[in-house]
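Before any comments, here is the structure.
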Amino acid sequence: MVSRTSTRAPRSSATSTTRTTKSTRASSARQSSNAVEIPDEGPVTSLRTQIAQVFSDAQKTTATQRKLVVNLRKIQEACCFEPPDTGKKGGNKNKGEEQEDFDEEEFNAEVVRCVLRIMCVKKSEPVGDRVIRFLGIFLKHASEKDQTIFAAETEEEATAFHETPSSRLTSQILTTILALLTAKDKTIRFRATQTVAHIVNSLTTIDDEIFDLIRLGFTKRLRDKEPSVRVQAILGLGRLAGNDDDEQDDEDSDDEGAGGILEKLLDIMINDPSAEVRRAVLLNLPLWPSTLRYILERARDMDATTRRLVYGKILPALGDFRHMSLVEREKLIRWGLRDRDDLVRKAAAVLFRERWLEDCAKSRDTRPEEEKKPGDVAPPNLEALCELLERIDVTRSGEEDGMAHEAMRQFWDGRPDYRKEIVFDHEFWNNLDAQTAFIARTLNDYSHSTADERVQSMIEDKMPEVTMFAFVLQRELNSLMELVDKVAIMEENDPEVEEAQEDVEEQDFIVQQLLHIAHTLDYTDEMGRRQMYNIMREAIAKAQLPEECTKLAIEVLRKVCGSRGEKDFTALIVEAVADVRDSLLDADDATVTGEDAEESFHSAQSDADGDAPLIKPKTAKAADNLTEEEKEERQIREVMVYSKCLHIAQCTLQNVEGDLESDTSLTSILNTLIIPAVQAHQSMIRERGVICLGLAALLSKDLADNNLDLFFHCFMKGHDALKEIVIQVLSDVIITHPQFLTPTISDPDASTDDAEPITNPRVRPMTKILLKAFSSDNKRISLISCTAASKLLLLGILPPQTTVEVLKAFVLTYFDPETATNPALRQALSYFLPVYCHSKLKNAKLMSEIAVPVISKLLIMRDENVEEEDVDEMVGWPVITAHLAEWTDGRKVVGATELGLDGKTSTIVEAEEPHVQLAIEILERALTSTCSKDERKPLLSLLGKLFVAPSGPIPKGEEGALNEESFRTLHELVSEAVEGKIGTDATQRNALIKLESTLTKRLGEAATQVQDTEVERTATPEATVATDATEVNEEEETEGDVTEVSASKSRKKSVVPQVDDDEEEEEEEDEDTMLAGMQGEGTRMPLEDDDDEEEEDDESAAGHSTLTVGRDDRRSGRTTVTEDDIMESLLQSEMEHSA
C-alpha cells in the first residue's frame, strides 16, 4: 500500500446519474411512509451500504467489533489512499470499470451520517452505547495505522503534527457533534456529549482548535439541568484536566496548567446536588497533591455509595498510606468506622486491616521472592501491627471512645491469622510499650465480647495467670511513679521536659490498658486475688497516680472486694484518702481534724468560714511562720490534695449502690470531704464537691431532699462550668427521685377531712432553671439543658404546665435561625421532637395544643429577623407547617397502626384526635377578628396538611375526648370559614371545601347508623312471630340467636294467625336471626313512639303495640309500614354492619 494520500476529486458518470434517478424514486417512496420528513441525503451508493452494514452489525454486540473495525479501516484505505500498483498493465481494467470509485470526503460524510443516527437513541437503549464504543475503537485504530504510515518520514517532519485521514475524520465528526451540545432535546445533548467524551478519552492527540471548542462546550454542559449530561461532560473534562495548556511560560507543574478546569471540577464535586455527578468527578480527578484534600473530603459525602467508593477504590489507589498526614489518617479511619452505612464501615475496616497493614508488613516479609505471589498477603507480623498503630497515634486515638478501639475490633474480627499467631509470652510482657499493651487489651476485650467459644478459650490460654499479671502491673505502676516524680522535680526551662512528659503519657497509657485487662480477669485464685488487692490499695493511696489510672484502680478494687461487700470497699477508700493527705502535706498540717465533723446528715448550706484553709494545720504556728511565697505554694498544694481526694470520693460513689445512711465510711466522706468542698471558694473544688454531693444524693432520698434548694442556688449564682454540673445533677436526682416534682402535695397542717393539695413549690424553680439554661448564650449549657429536659419529658416526670412551657421553647428554638450556629442543639432537637410526639398519643395531643400559639410567636420572630440584616432568614412556612403536621399525626404514634392478617393496615379511631383538635383551634383562631392575614395564611396552610379520614366510625368518647360533638364543632367552624371566604388563595379555599364535604359525609354516616340502630330496636321485637310454644322451644334449642326472643313476647295478646305454609317454614329456618319469625305477607305494623316502646312490657299498654291484620290503621298521625319496607331496612342495616 502506498503512503500517499489520494488527491482525486469526486467523479460523476452516466452510471451514477442513473443510480441517482432510481434512488430518488425510492427515497420519495420512503418519505411518503414516514410521519417525519427526512431530508434528502443524496443517492444510495455501495459505499453507504457497506458503511451502514458495518454500523448495523456493530450495534448488535460488542464481540465482533474488532473485526468490524478492520473491515471499516479497509473501506477507509480504499477511499483515502491510491490503490497499490500491481505491475499488470490493464489487468484490472474491466474490473475497475465495474467497481465504483469513492474518495475521502464521501467516506467521511457517510461515517458522520451514521454517527448522527445515534443522537436520537435514548439513554436506556444499549445500542447507542455499543455504536459509540465501536466509533471510539475505530478512530483509535485508524489513528494508530496512520501514524505508522507517517513514521517512515524524516525526523524533522515526524516531530510535527501530521494531518491524516483519520485526524480529518475525527475533526469532522467532532465539529458536527459539538453543534448539538446545545440542542433543546435532552437525549440529543446526552448522546452528543457522550460521543465527544468517548472520542476524547480514546485518542491521544486532537487538533488545538477542536480542543478549545471541546473544552468550551464541556464547560457549558457542566451546568446542564440533566445529571446524565453533566456526567458525560465530566468524563471528557477529566481527560482534558491533565492536558490543559494555558500557554504560560512560567508553568512548572501540572497543577497550575490545569487550574481552570480543575477549579470547575472541584466546585462541581463539592456543590452538585446529584450524587452520580459527584462520583463522576471523584473518579476522573487526577490524583495530585492539590486535589488530594478535596478527594478525601468525599469520605463525608451525603451519598453512601460515594463514601464507599472513597474507601473501596480511591484510597487503595493512592498507594502507601504513610504519605498522608497523621490528621488525615486518623480522620479517614474515624469517619469510615463510624459511618451510618454498614457497607461503608466494612470498606473502611477492609482498608485498615488489609491495605494499610500490608503497606507496613510487606517491608518485613522475609519469604523468598519465588514464594511471593501477586495479591497474596504477608504473613502475620507483630512489628507491622505495632507500626500501624503507631501511624494512627494510638496513645491518643486509643483513649476511651477513641477510633482505635473500633479499628482493632474490626481488625480482630477480620484477621483470624493474627489472632492465632500472636502470643503473649514472657518476652511480650517484659517489653511492653503503648502499641503492644493496646494489642493485648483490645484482643482481650474482643474475646470477652464475642460469642465464639473458641475465641474465648483461646484468650484464656494466651493471657497469663493473675499472679504473674499482678507482677507485671506492679512493675509498670512503679515505672509510672518514677517518671511522674522525675517530671515534678524538673525545671520548666529544661529541654528534656517535653520528652519526659511524653514518656509519662505513654507509661500512663500502658498502665490504663493493664488495668482494663485486670478488670476482666478471673479472681477465683485466692493468692492472685489477694496480691491484686494489695497492689490496688497501695496504688489508690499514691497521690502521684494520674486520675484516669486512679479511676480504673478503684473499679478493679471494687471487683476484687466483691465477696467482702461495699462496707469493706468504702473503708479502704477512707484509708486511701487519709494516705493521700499524709503523703503530700507537711508533718505539721498533714493531719485532718475531723473533730468538728457532724455524724448526722445535714444540708451543705450550713455556715462555714470561706477563708479558712481547706485542710486545717495541726498547730497554728505551722501557718504563721510561712512567708508569702510559701503560703501561696502551700495553698496550691492544698487545692491539689483536696482535688485528688474528691476525685477518689467521686469514683467511689460511682461504684457503690448501697444505702448511704447505713455506711459509716460514706457518711464520714460526706461530712468531712464533700460538704466542705461545696462551701469552698475555689471553683475547681466547688465543682467537684457538687458532683460528689449529687452522686451521694442518688443514694439517699433525704440527702437529695435537703440539698435540692442548694442545687437551685448554685445554678443561679454559679459560673458557667458549675451551671453545667448542676443541670446534670438535677436531672439525675429528679429521675432517681421523681416524687420531688409531683404536681401537688398534701398540706401537712390541714386535717384529714378538709385537706386540700397544694402546689409543689419546687416545680417553678426547676422550670425556670431549665428554660433559663436552654436559652443561655453558652452553647454547651444550652445543649446540656436540652438533653436533661428531653429525658424528663420522655419519662413524663415534669408536671403538665412545665411540659407545655418546655415543649413550646423547644419548638421555637428549633425553627429559630439564630440556633444555626449551634448545630449540636439543632441535632438534639431534631431527634427529640419526633420521638417525643410519636411515642404516646397524649404527647401528640399536647403538641397540637401548642401549635397555634407557636405559629403566632414564629410570626413575630420572623418580623424581627427581617429588621435584623445580620440574622439568617427563617425557614419557609411550608417547612414549618409540614413539621407541625407530622408531629401531630396520630397515625405515626407507636401502636396506632397495626398490620392485619389480610396484609392491610388498620388505624385506631383515637389517632384522629390530635389533628381534629388542632383543626378546631386553627379555625377558632383564624375566624377571630384579631387574626391578621399574615397569620391566617400559615394557619390555613397547616389546616390543609391535617388528616381527617373521609369515612369511618366516630368514637363515642367522654367529655374532653374525641366524639361526635368534636366533629360537629369542627363542621360548624369549617362551614363558617367557607361562608366567610377566609382562604387567601384557591388552594386554601379548596382545602376548606374538601374538609367540609368530608365532615358532612362523616356526620351523615353517623346519623344513618343511629337511625338504623333505632329501627332495629323498634322493628325487631314487634316483627317477631311466636307461633306456638313447641316451635319456639325448637328454635331456642337449635339456633343461639333465636333465643333472644323473650318469654314476655310470647305471652302478649296477639291476633296474628299462624302461617301453616310448609315452604315458608323451611325458608324461615334457613334465614339469619333477623328474619326469624317474620310476619306473613299483607301484615301492617304501625311505628310506635319511643314512650310506647318503653311500655311494651306493661299489660295496660299491650294493646298499643299489637299488630293488626286485615285492616288499615286509622289512628291519626300514625304511619303504616309494609313488611317489604321492614325487610329492606333490616337487610340494608345488616349489610352495613357486616361491611
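Mapping to UniProt numbering: the sequence shown position 944 is 944, numbers consecutive. For each residue, glycine too, the CB sits at the ideal point set by N, CA and C.
Less than 8 Å separates the beta-carbon of Arg968 from that of Leu1003. Taking C-beta separations shorter than 8 Å and ignoring five residues to either side along the sequence, the partners of Ser143 in its chain run Thr164, Ser166, Ser167, Thr170, Leu203, Thr204 and Thr205, following chain order. According to the DSSP assignment, Leu899 belongs to the beta strand (DSSP E) that extends over Thr897 to Leu899. For Tyr418, the number of other beta carbons within 10 angstroms of its own is at least 16, and it is reported as buried. Cβ-Cβ distances below 7 Å link Lys857 to Leu812 in the same chain, with the five nearest sequence neighbours on each side left out; the list follows chain order.
Segment contact: the segment 544-556 against the segment 511-524, three or more CB-CB distances shorter than 8 Å; contact assigned. Exposed is the label assigned to Tyr831, since fewer than 16 other Cβ atoms lie within 10 Å of its Cβ. For the 8 Å CB-CB criterion, Val466 and Met532 form a contact. Gly336 is a Cβ neighbour of Ala348, given a cutoff of 8 Å. Distance from the CA atom of Thr672 to the CA atom of Leu653, rounded to whole angstroms, is 15 Å.
Taking 8 Å as the cut-off, the Cβ atoms of Met766 and Leu741 count as close. Residue state for Thr366 is assigned as coil, using DSSP reduced to three classes. Straight-line measurement puts the Cα of Ser643 at about 21 Å from the Cα of Ile489. In its chain, beyond the 5 residues on either side, Gln410, Phe411, Gly414 and Arg415 have a beta carbon closer than 7 Å to the beta carbon of Arg353. Burial is judged here by how many other beta carbons sit within 10 angstroms of a residue's own beta carbon; His448 has fewer than 16 and is exposed.
Contact check for Trp877 against Ser941 passes: the beta carbons are separated by less than 8 Å.
Judged by DSSP secondary structure, Thr905 falls within the beta strand (DSSP E) whose first and last residues are Thr905 to Thr907. Rounded to whole angstroms, the Cβ separation of Ser665 and Ile573 is 7 Å, and the two are in contact under 8 Å. Judged by DSSP in its simplified three-state form, Phe424 adopts coil rather than helix or strand. From the listed residues Gln456, Cys645, Leu515 and Arg686, the smallest Cα separation to Leu477 is found for Leu515.
Your pair Ile674 and Gly689 checks out as a contact, with CB atoms roughly 6 Å apart and the cut at 8 Å. If you check the CB distance, Arg230 and Arg239 do not come in under 8 Å. Annotated three-state conformation of Ile982 is coil, per DSSP. Rounded to whole angstroms, Lys225 and Asn843 show a C-alpha spacing of 44 Å. Counting every other CB atom within 10 Å of its CB across the protein chains shown gives Lys542 a total of 16 or more, marking it as buried.
Contact check between the segment 726-741 and the segment 691-701: three or more CB pairs, one atom from each, fall below 8 Å, which counts as touching. Following the DSSP letters along the chain, one finds Ile149 inside the alpha helix (DSSP H) bounded by residues Pro126 to Phe150.
Taking 8 Å as the upper bound for CB-CB distance, Ile188 and Cys120 are in contact here, some 7 Å apart. Exclusion of the five residues before and after Val504 leaves Leu483, Val484 and Val487 as the residues of its chain whose Cβ lies within less than 7 Å of its Cβ.
Under the DSSP assignment, Lys542 falls outside any alpha helix (DSSP H); it carries neither an H nor an E label. The segment 418-429 makes contact with the segment 453-466, as at least three CB pairs between them are under 8 Å. Looking from the CA of Glu276, the closest CA among Pro289, Thr998 and Arg298 belongs to Arg298. The Cβ atoms of Ala58 and Leu47 do not sit closer than 8 Å to each other. In this chain, Cys120 is not harboured by any alpha helix (DSSP H), its DSSP state being neither H nor E. Between Leu174 and Thr193, the gap from beta carbon to beta carbon reaches 8 Å or more. Gln435 has its alpha-carbon roughly 21 Å from the corresponding atom of Met458.
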